[in-house]
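Participant:
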Amino acid sequence: MAEPLFTNAIVRLPAPSLRDGLTSVDFGKPDYRKALGQHIKYTETLIQLGLNVKVLPENNLYPDSTFIEDVALCTPSFAVITSPGATSRRGETDNMRQVLSEYFNIIEEISLPCTLESGDIMMAGNHFYIGISQRTNNAGADQMIKILENHGMTGSKVYLGKMLHLKSGASYLENNTMLLSGEFFGNKEFEKYNRILVGDDESYAANSLWVNGKVLVPDGFPATRKKIEEAGYETIIMDVSEFRKLDGGLSCLSLRWESQ
Ligand code: CIR
Numbered sequence: 001m002a003e004p005l006f007t008n009a010i011v012r013l014p015a016p017s018l019r020d021g022l023t024s025v026d027f028g029k030p031d032y033r034k035a036l037g038q039h040i041k042y043t044e045t046l047i048q049l050g051l052n053v054k055v056l057p058e059n060n061l062y063p064d065s066t067f068i069e070d071v072a073l074c075t076p077s078f079a080v081i082t083s084p085g086a087t088s089r090r091g092e093t094d095n096m097r098q099v100l101s102e103y104f105n106i107i108e109e110i111s112l113p114c115t116l117e118s119g120d121i122m123m124a125g126n127h128f129y130i131g132i133s134q135r136t137n138n139a140g141a142d143q144m145i146k147i148l149e150n151h152g153m154t155g156s157k158v159y160l161g162k163m164l165h166l167k168s169g170a171s172y173l174e175n176n177t178m179l180l181s182g183e184f185f186g187n188k189e190f191e192k193y194n195r196i197l198v199g200d201d202e203s204y205a206a207n208s209l210w211v212n213g214k215v216l217v218p219d220g221f222p223a224t225r226k227k228i229e230e231a232g233y234e235t236i237i238m239d240v241s242e243f244r245k246l247d248g249g250l251s252c253l254s255l256r257w258e259s260q
């Protein structure tokens, strides 16, 4: 399966309300100004990697809305608006149909009581792994799998233990290679891949992001960076400390796709 060439991305600027975002970690409140600077660097990096990036304005009503990955899935031929499992995030999908209609003729939707956040979706070629988590329920995954199958793609479920989202602990780096935290390393679903294990002390770096041949790795996780480089990838280190305070990682900050 050929690697995708991402052509487009959508990001949403963080809002001052970011400090009220959901979190399970105790790293303190994010600094809005610092977060904004980190977000700008992230956007610039995507542009340097060849993507056409649409920057949406901040939405102060929704503290977590900068984690735009969770509210849609974008594929080369269609998009899906999701149904966030976190009640405080449900309204984030409100204007997504309008945003996505600039790029997609076909826009599907997941609806309640089905829940699904795209941090739980990991694309590997035409197959999509879907995490069943506190945010994504079985019905949401079933609905997404049906949509994918209607469009000639496939999906399968992965049950999560302690991770927030599937991609909090697993990233597909293309070239049949997966970066996996301990929770997923032994999972039979991923046995067919070349697997890179992320140590428990660096588990945050399991959310690294392949973009057009390079791998974006969060700053501060040298052992994981080294393993990724030893596997043959060039890495780009990104400081996303302020988003980490809210359980957010590199993938969460954008929707990315290859347009047809
Ligand atoms: C949340 O708990 O929903 C946000 N604070 C973090 C979302 C991270 N998104 C992702 O992993 N795709």
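Letter by letter, the sequence shown follows residues 1 to 260 of this note's numbering. Built from N, CA and C at the ideal position, the CB exists for glycine as well. Bear in mind the structure is a predicted one, so any value in this text is a computation, not a measurement.
#1: Compare the Cα-Cα distances from Cys114 to each of Ile107, Asp120 and Pro84 and report the closest residue.
#2: If Asp70 and Glu109 are in contact, beta carbons under 8 angstroms, what's the gap, nearest whole angstrom?
#3: Please work out which residues of its chain come closer than 8 angstroms, Cβ to Cβ, to Ile107, disregarding the five sequence neighbours upstream and downstream, and give them in chain order.
#4: Does the beta-carbon distance from Asn60 to Pro16 come in below 8 angstroms?
#5: Taking the alpha-carbon positions, what's the Asn176 to Gly91 distance?
#6: Give me the Cα-Cα distance between Leu166 and Asp120, rounded to the nearest whole angstrom.
#7: With hydrogens ignored, establish whether the beta-carbon of Ser251 is closer than 7 angstroms to any heavy atom of the ligand CIR.
#8: Report yes if the C-beta distance between Thr66 and Leu253 is below 8 angstroms; otherwise report no.
#9: How about the segment 238-247 and the segment 20-30: do they share at least three Cβ pairs that are nearer than 8 angstroms?
#10: Check whether the segment 188-196 touches the segment 133-151, taking contact to mean three or more Cβ pairs, one atom from each stretch, closer than 8 angstroms.
#11: Less than 8 angstroms between the C-beta atoms of Arg12 and Ile68, yes or no?
#12: Is Gly140 a contact residue of the ligand CIR, with contact defined as CB to any heavy atom under 7 angstroms?
#13: Our contact map puts Ser208 next to Ile237 with C-beta atoms below 8 angstroms; I'd like the distance itself, whole angstroms only.
#14: Starting from the Cα of Pro57, find the closest Cα among Leu49, Tyr42, Pro14 and Ala231 and give me that residue.
#15: Quick one: Cα of Leu51 to Cα of Ile10, how far?
#16: Could you check if Lys167 belongs to the surroundings of the ligand CIR, using beta carbon to heavy atom distance under 7 angstroms?
#17: Beta carbon of Ala9: closer than 7 angstroms to some heavy atom of the ligand CIR?
#18: Is any non-hydrogen atom of the ligand CIR found closer than 7 angstroms to the C-beta of Ala86, if you look at the structure I gave you?
#19: Quick check on DSSP: helix, strand or coil for Asn128?
#20: Closer than 6 angstroms by C-beta to Thr93: which residues in its own chain qualify, once you throw out the five before and the five after it? Chain order, please.
#21: Determine the direct distance from the alpha carbon of Gly125 to that of Ala2, and round the result to whole angstroms.
#22: To which residues of the same chain is Leu250 closer than 7 angstroms at the C-beta, ignoring the five residues directly before and after it?
#23: So for Glu58, helix, strand or coil by DSSP?
#24: Report the option in Tyr42, Asn138, Thr75 and Lys34 whose CA atom is closest to the CA atom of Thr7.
#25: Pick out whichever of Lys41, Phe128, Pro63 and Leu112 has its Cα sitting closest to the Cα of Ser88.
Facilitator: Reading from the atomic positions:
#1: Among Ile107, Asp120 and Pro84, the Cα nearest to that of Cys114 belongs to Pro84.
#2: That pair is no contact at about 14 angstroms.
#3: Excluding residues within five positions, the ones whose Cβ falls inside 8 angstroms are Phe78, Ala79, Val80, Ile81, Arg97, Leu100 and Ser101.
#4: yes
#5: 36 angstroms
#6: Going by the C-alpha atoms only, they are around 4 angstroms apart.
#7: yes
#8: yes
#9: Using a C-beta cut-off of 8 angstroms, the segment 238-247 makes contact with the segment 20-30, since at least three inter-stretch Cβ pairs fall below that distance.
#10: Segment contact: the segment 188-196 against the segment 133-151, fewer than three CB-CB distances shorter than 8 angstroms; contact not assigned.
#11: yes
#12: Annotation for Gly140 indicates a beta carbon at 7 angstroms or more from all heavy atoms of the ligand CIR.
#13: Not confirmed; about 10 angstroms, so no contact.
#14: Measuring from the Cα of Pro57, the nearest candidate turns out to be Pro14.
#15: 10 angstroms
#16: yes
#17: no
#18: Yes - the ligand CIR has a heavy atom lying nearer than 7 angstroms to the Cβ of Ala86.
#19: As written in the sequence, residue 128 is Phe, which differs from the Asn given in the question. Of the three classes helix, strand and coil, the one that applies to Phe128 here is strand, per DSSP.
#20: Val71 and Ile81
#21: 8 angstroms
#22: Result list for Leu250: Asn207, Ser208, Leu209, Leu216, Pro218, Met238 and Val240, in chain order.
#23: coil
#24: Thr75
#25: Pro63
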